[in-house]
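I have placed the structure first, in the form of structure tokens, so that the comments after it can refer back to it.
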Amino acid sequence: MRYLPLSDGDRKEMLETIGVSSIDDLYCDVPADVLLDSHVQTLPTVRGELEVERAISAMAKKNTGCNSAPSFLGAGLYHHHVPATVDYMIQRGEFLTSYTPYQPEVSQGTLQYLFEFQTQVAMLTGMDVANASMYDGATGCAEAVLMANRVTKRNKAILSGGLHPHYRDVTRTHAHFNDFEVVSAEPDVDNVEDLIDLIDDATSCVVVQTPSFFGHLNDYTKLAEACHAKKALLVVVFTEVLSLGALKTPGEMGADIVVGEGQSVGNALNFGGPTVGLFAVRQKYLRQMPGRVCGETVDADGRRGWVLTLSTREQHIRREKATSNICTNSGLCALAFNIHMTLLGEEGLTKLSALNHARACQVADKLDTLDGVEVLNETFFNEFTVRLSKSATEVIDQLAERGVLGGVPVRRLYQDRPELDNLLLVAVTETTTDEDIDALMAGLTEVLS
Amino acid sequence: MSDLHTITGNQGLQIEEPLIFEQDTPGKCGVDLPDVPEVKTRLGGLAREGKIGLPGMTEPDTVRHYMRLSQKNYAIDTGFYPLGSCTMKHNPRLNEKMARLGGLADLHPLQPNSTVQGALELIDQCAHWLKELTGMPAVAMSPAAGAHGELCGLMAARAAHEAKGNPRKIVLCPESAHGTNPATAAACGYKVESIPATSDGRVDLDALKAALNEDVAAIMLTNPNTCGLFERDIVEIAEAVHAVGAYFYCDGANFNAIMGRVRPGDLGIDCMHINLHKTFSTPHGGGGPGSGPVVLSAALAPYAPVPYVVDTGDGFKLVEHKADSDQDPFGRIKGFHGQMGMFIRSLSYMMSHGSDGLRQASGDAVLNANYLKAKLQDMLTVSFPDGPCMHEVLFDDRFLKDTGVTTLDFAKMMIDEGVHPMTMYFPLVVHGALLMEPTETENKATLDKFIHMIREMTQKAKDGAAESFKSAPMLTPRRRLDETKAARSPVLKWTEAAE
């Protein structure tokens with residue numbers, strides 16, 4: 001087997017050194033009746049690289065990827081172009097095959113990029129400090145609510161109807177098992193919700209999303225003030241990090257915790273994972289923040305360097321009293337984010353964001369001209385909701401037959417809401433070509449007629 | 450290396466590299482984008498007004514920046530990395546190639562099912578391998594990491610208790626447990642009780658039995674345990690746990706020792722997470738992303754979270770909502786469908802080895818660890834010397850007694866010798882722990898060199914060279930870093946004022 005360097009001769013010699021006659025002898029502590037006497041017979045045996053490549057490629061070929069079809073899918077993850085430099089760099093073995101930087105003297109590369117990443121995230125969100133990343137946006141959202149509960153010593157979270165349903169569901173799961181209350185507002189299709197009246201003295205936080213799940217943009221300054229008046233926190237979620245290149249930051253609006261998905265920068269869609277959760281907070285709540293954090297310090301010679309820090313919050317020190325059970329971050333995805341954001345810089349990000357928005361505006365205007373299609377949003381960034389004259393799920397399936405990935409039917413995530421059956425989320429990015437738009441228009445015209 | 454000054458501060462291949470924020474020339478950009486079409490914007494008066502402050506770089510400068518950073522890291526690709534409990538094995542490059550295939554990397558998770566049949570098949574195949582290797586009937590694929598898998602498994606256990614009308618109150622964890630175990634139990638609303646170990650490094654069965662009662666929801670046990678030993682009484686432990694109606698959570702962090710040789714399903718385990726980034730070689734990536742599928746017994750399978758893949762016989766179906774399930778899922782724990790990129794890499798790894806290769810891999814991992822033990826036991830102090838160890842060997846710091854050298858000092862000296870240190874000070878059940886896990890992908894020559902180095906270092910410590918240990922490492926891009934300063938006045942981002 002090509003990954004196993006010991007030869008039979010090595011094994012024999014080593015067994016003699018140990019003083020046993022076979023590898024099986026090393027398993028003498030395993031009860032004999034549960035020890036297998038040969039490999040698991042129901043699975044195939046060793047295969048060469050070529051055979052494995054063929055088997056997996058065969059499965060890949062059965063799929064239609066977003067690079068090979070016009071794609072308007074969003075709803076939490078977005079199809080963007082990732083510069084070649086990013087994927088080359090993250091495959092450097094020194095980044096790819098190192099562990100969590102527990103030995104900082106030989107991990108300054110990882111630590112420095114985490115420090116850069118944290119700075120970029122803090123700048124983008126308009127917050128004081130950020131951690132070294134979370135698993136993804138949805139789990140980050142749940143952790144934000146848990147954190148708000150700790151900070152306020154309260155037990156009730158109010159979730160906007162504009163919050164991504166997966167984020168809501170993951171938070172609810174934690175609420176169920178960790179015994180706190182979650183109030184979920186009705187799906188806010190038309191951007192009319194007002195959560196201020198729901199805030200009371202038991203409320204730990206209000207969680208809103210911008211752009212909302214349905215694509216709407218809102219200024220949450222007043223909501224932040226209302227939260228703070230009741231000593232509750234405002235958690236602002238985003239699923240499209242590129243929007244932060246175009247919009248007023250959550251920090252400027254008064255958010256206490258900002259959490260979101262960073263996949264759009266540097267990371268492929270990967271059928272939903274791995275991605276990278278971004279998490280930023282106000283300085284005063286720093287010690288209640290979950291997850292790994294990298295901090296600046298000096299070495300024995302007084303030179304600047306970086307270490308993982310504030311570990312007294314974490315499970316390996318605090319055990320059952322830790323702020324979270326999290327043990328890792330999404331390191332390599334954070335590196336991809338960091339590199340892509342460095343390539344973009346202020347100028348590139350601003351332009352890329354503007355390009356996404358402008359392309360989306362063009363598509364919205366075109367779609368609005370079609371019979372049976374109504375754009376519902378007055379405001380949006382690069383994704384908006386349309387109401388179709390028939391079931392969006394059926395329309396999407398028929399578009400797929402025509403080789404167009406036309407968007408995400410709202411029912412895919414709001415399965416229990418038949419009244420939302422005709423709603424479709426349409427996302428547009430810099431990857432969308434004029435030909436893609438034409439294909440969508442032609443497909444919709446045909447399917448809706 | 451304070452005695453080796455250069456004009457630049459660089460030392461040969463070690464090049465000092467400022468932060469991106471310190472290299473910024475305004476307007477630099479590493480991407481060329483088309484012009485933005487003129488449109489009437491729909492930002493509703495929320496357009497950003499001020500600058501973000503992000504630095505930019507052109508492509509050549511960017512490549513050089515990250516290349517220089519990469520050269521400050523030690524990695525498996527660099528050399529021996531015997532970090533106990535972390536399974537730092539070789540990461541095959543085929544896995545990376547497969548994960549980047551068109552039709553996999555560019556799939557959106559919410560595409561129509563008809564356009565992702567191959568992806569669902571791949572998840573199903575990966576799940577099949579995991580179920581067969583563990584002898585368990587079901588697997589929840591969505592957990593994002595080991596600790597997330599623990600959470601998933603314990604939530605399933607709690608859901609099963611709730612279905613019977615009583616969630617119960619207590620989770621038992623051995624003293625030697627990884628910190629995530631008690632933290633997970635607390636996150637599921639349980640009180641944690643600690644179970645002592647016996648003098649041979651295993652769970653004290655009598656103490657465990659005494660602690661078991663109808664308030665106990667589950668036990669969380671690592672097997673092979675964090676001392677690198679197989680829990681001999683595991684079947685009896687499972688029986689005792691089940692006798693009071695509790696569930697048996699096994700932390701599968703150390704599955705690499707037993708894959709293809711022992712099936713957790715045969716031991717009476719109800720749930721176990723599998724760190725795909727350990728046992729199944731997906732890259733650790735400097736701290737993630739991981740992936741932690743949880744295999745489940747028949748008792749807990751009905752409570753597995755959404756989403757999951759079903760082979761209908763006429764294509765694959767993705768069950769994403771509780772209402773669409775004929776089971777009783779406890780909910781959702783992650784956005785979308787889990788760490789697909791890791792499923793691809795793991796499947797590539799498992800297919801490459803085959804069932805026979807995986808069995809050889811676990812055997813070689815255990816062989817390598819026992820070889821280290823045999824060759825070092827006269828110089829170092831093995832914490833539990835009786836009988837073989839599994840895939841890792843635990844030493845404590847008795848061998849350093851009266852030398853003035855601590856486990857930390859010893860580790861830092863290893864860095865200067867070009868080897869990544871073992872895990873230090875874990876598990877907590879022995880003093881100054883040194884936990885070494887060589888893995889199966891190291892050849893004998895590497896082990897022999899390592900053994901020689903450790904023996905010489907130990908001799909040096911015993912010969913009174915404490916000062917040189919205290920000042921190590923000397924040859925790294927940075928020497929020992931002041932962690933107290935970092936924690937006392939945290940600087941977590943670059944600011945202009947701080948420069």
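So the protein lines, in turn, are chains Z and D. Mind the numbering: the first sequence is residues 1 to 449 in my numbering, read in order. Mind the numbering: the second sequence is residues 450 to 948 in my numbering, read in order. By construction, the Cβ of each residue, glycine as well, lies at the ideal position given by its N, Cα and C atoms. On a predicted model such as this, the values are computed, not experimentally measured, just so you know.
Here R319 (chain Z) is buried: its Cβ has 16 or more other Cβ atoms, across all protein chains shown, within 10 Å. Sixteen is the threshold: when 16 or more other Cβ atoms of the shown chains lie within 10 Å of the Cβ of R292 (chain Z), as they do, the residue is buried. Of the candidates D:H722, D:K618, D:G493, D:Q472, the residue whose Cα lies closest to the Cα of F381 (chain Z) is D:G493. By a beta-carbon distance limit of 8 Å, P887 (chain D) contacts P531 (chain D). Their separation comes to about 5 Å. Excluding residues up to 5 positions away in sequence, L600 lie with their Cβ nearer than 7 Å to the Cβ of A636 (chain D) in the same chain. Less than 8 Å divides the Cβ of E841 (chain D) from the Cβ of S534 (chain D).
The C-beta of Y285 (chain Z) comes no closer than 8 Å to any C-beta of chain D.
Under the Cβ criterion of 8 Å, H80 (chain Z) is not counted among the residues facing chain D.
Not a single C-beta of chain D is nearer than 8 Å to the C-beta of M147 (chain Z).
A direct Cα-Cα distance of roughly 11 Å separates M134 (chain Z) from K783 (chain D).
Below 8 Å, too few C-beta pairs join the stretch 827-838 of chain D and the stretch 67-77 of chain Z to call them touching: fewer than three. Residue environment for Y757 (chain D): buried (at least 16 other C-beta atoms within 10 angstroms of its C-beta). Restricting attention to Z:R313, Z:I199, Z:D416, the CA atom closest to the CA of T323 (chain Z) is found in Z:R313. With contacts defined by Cβ atoms closer than 8 Å, L796 (chain D) and L571 (chain D) form a contacting pair.
Taking each of D:G717, D:M800, D:E498, D:A596 in turn and checking the Cα distance to A747 (chain D), the smallest one comes out for D:G717.
A distance below 8 Å between beta-carbons, with the five flanking residues on each side excluded, links M708 (chain D) to the following residues of its chain, in chain order: L582, T728, L807, R808, A810, S811. Inclusion of A360 (chain Z) and E383 (chain Z) in the CB contact set at 8 Å is warranted, their separation being smaller than that value. Counting the other Cβ atoms within 10 Å of the Cβ of T171 (chain Z) gives 16 or more, which makes it buried. For secondary structure counted as the beta strand (DSSP E) over 3 or more consecutive residues, the stretch 116-177 of chain Z holds these complete runs in sequence order: 156-159. Within the stretch 87-98 of chain Z, D87, Y88, M89, I90, Q91, R92, G93, E94, F95, L96, T97, S98 place their CB atoms closer than 9 Å to a CB of chain D, listed in sequence order. In the three-state scheme derived from DSSP, where H, G and I count as helix and E and B as strand, W943 (chain D) is classed as coil. For T239 (chain Z) and L355 (chain Z), the gap between their C-alpha atoms comes out near 18 Å. The beta-bridge partner set that DSSP reports for M721 (chain D) consists of D:C699, D:V744.
By alpha-carbon distance to G735 (chain D), the top candidate from D:A496, D:C676, D:N522, D:K489 is D:N522. When C-beta distances to chain Z are compared with 7 Å, the residues of the stretch 548-577 of chain D below that value are L550, G551, G552, L553, A554, D555, L556, H557, P558, L559, Q560, P561, S563, T564, V565, Q566, G567, A568, E570, L571, in chain order.
Flagged as an interface residue toward chain Z: P837 (chain D), by a C-beta distance shorter than 8 Å. Leaving aside the five residues that flank T536 (chain D) on each side, the residues in its chain whose CB is nearer than 7 Å to its CB run, in chain order, N705, K727, T728, E886, T888.
Two segments are said to touch when three or more pairs of C-beta atoms, one from each, lie closer than 8 Å; by this definition the stretch 252-259 of chain Z does not touch the stretch 82-100 of chain Z. In the DSSP annotation of this structure, Y414 (chain Z) is not part of any beta strand (DSSP E), being labelled neither H nor E. Between the alpha carbons of L6 (chain Z) and E891 (chain D) lies a gap of roughly 8 Å.
Beta-bridge annotation (DSSP): Y530 (chain D) is not paired with any residue. Straight across, the Cα-Cα distance linking K284 (chain Z) with E642 (chain D) is about 33 Å. Unbroken beta strand (DSSP E) stretches of 3 residues or longer found wholly inside the stretch 727-793 of chain D: 743-745, 757-760, 765-768, given in chain order. Burial check for S563 (chain D): the Cβ neighbour count within 10 Å stays below 16, so the residue is exposed.
Legend: CB atoms of the stretch 519-534 of chain D lying less than 9 Å from CB atoms of chain Z belong to residues S519, Q520, K521, N522, Y523, A524, I525, D526, T527, Y530, L532. Taken in chain order, the unbroken stretches of alpha helix (DSSP H) that lie wholly in the stretch 283-347 of chain Z and span 4 residues or more are 315-318.
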